[in-house]
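**Q** So for the sequence shown, my numbering puts the first residue at 459; every next one is plus one. Structure provided below as structure tokens; questions to follow.
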Amino acid sequence: MIGAGTNEYEPYPTEMANYFYSLLFCDIPENFWGWVESPAKPVFDPTFSERAIRAIAEDKDGESRIRALAYRRLRLEGCAVPQRLLLGVVVETPLPRGLDTLAAYADGRIRYIHGSGKEVAVEKDVASMRGPRKALLSGAQDVVDELTPLQELRAPPPKAPNVRVTSVASDGLYVGEANLEELTRDPLGGPILRATSDLMTAVIEYAKANAPR
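What follows is the structure, encoded as structure tokens:
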């Protein structure tokens, strides 16, 4: 499939959690096999159609991760893409129990992986999460505006005491990583951590309320 070669990592004890994790960053298109026969098919088709792929990338009602993959394909084919258009953000926090990973996307979707490997997927814009989700994306946009996109392969997950913030944008991944205490005090990092904490609380409450009984 188009764009192979990105590193895959296994920070979780289960294959499913690691697969779930690999989809968050939108940089391993071959892992999106479930989308190959969907309306997003042009993104994965060996025959390149700029018009079809650009339509997917620019569809503001489309799934953010598919839009990110479409922009990635356009870049690989040498086509122009908008700069710093934020589509999602992934926050990785190493804890004694394992790696907590929270991802929020512009379309309202949210993904959370507990350090144990337990996953939560939110497939729609939920009112109780909207405020912290938008705050997280806003904080990430402020960071993106100060950085340049990653030029190499994504690195392995961070190690304590560091926290990593990876912003998924139209022109690539923007990565910031720092010691938790330093990031908390940072004028750009602090708002991201606070929004992450608020959103994680809302996600956990949502998962509990919607758990099978």
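Don't be surprised by glycine CBs; every beta carbon is placed ideally from N, CA and C.
Of all the beta strand (DSSP E) runs that stay within the bounds of the region 576-616, which reach a length of 3 or more residues?
**A** 577-580
**Q** Give every residue of the same chain whose Cβ lies closer than 7 Å to the Cβ of I511, excluding the five residues on either side of it in the sequence, and list them in chain order.
**A** P500, V501, A528, R531, L532
**Q** At what residues does the alpha helix (DSSP H) containing L657 begin and finish?
**A** 647-667
**Q** Go to T642, then tell me how far its beta strand (DSSP E) extends in each direction, as first and last residue.
**A** Note, T642: premise wrong, no beta strand (DSSP E); alpha helix (DSSP H) at 638-643.
**Q** How long is the line joining the alpha carbons of M474 and D600, rounded to whole angstroms?
**A** 33 Å
**Q** Return yes when the Cβ of V621 is within less than 9 Å of the Cβ of A636, no when it is not.
**A** yes
**Q** Based on the DSSP secondary-structure assignment, which residues constitute the bridge partners of D558?
**A** The partner list for D558 (beta bridge, DSSP) reads T551.
**Q** Cα-Cα, which of I571, G520, G566, L553 is closest to T559?
**A** For T559, the closest C-alpha among the options I571, G520, G566, L553 is that of I571.
**Q** Within the same chain, show all residues whose beta-carbon is closer than 7 Å to that of R555, passing over the 5 residues directly before and after it, in chain order.
**A** G573, S574
**Q** For D656, which option in F478, G589, T551 has the closest C-alpha, if you only look at C-alpha atoms?
**A** G589
**Q** Checking the sheet assignment: what are the DSSP bridge partners for L544?
**A** A627
**Q** Which residues in the same chain as Y563 place their Cβ atom closer than 7 Å to its Cβ, once the five residues preceding and following it in sequence are excluded?
**A** Contacts found: S522, R523, L545, G546.
**Q** Would you check whether the ligand HEM has a heavy atom nearer than 8 Å to the C-beta of P497?
**A** The model on display carries no ligand, and the ligand HEM is accordingly not part of it.
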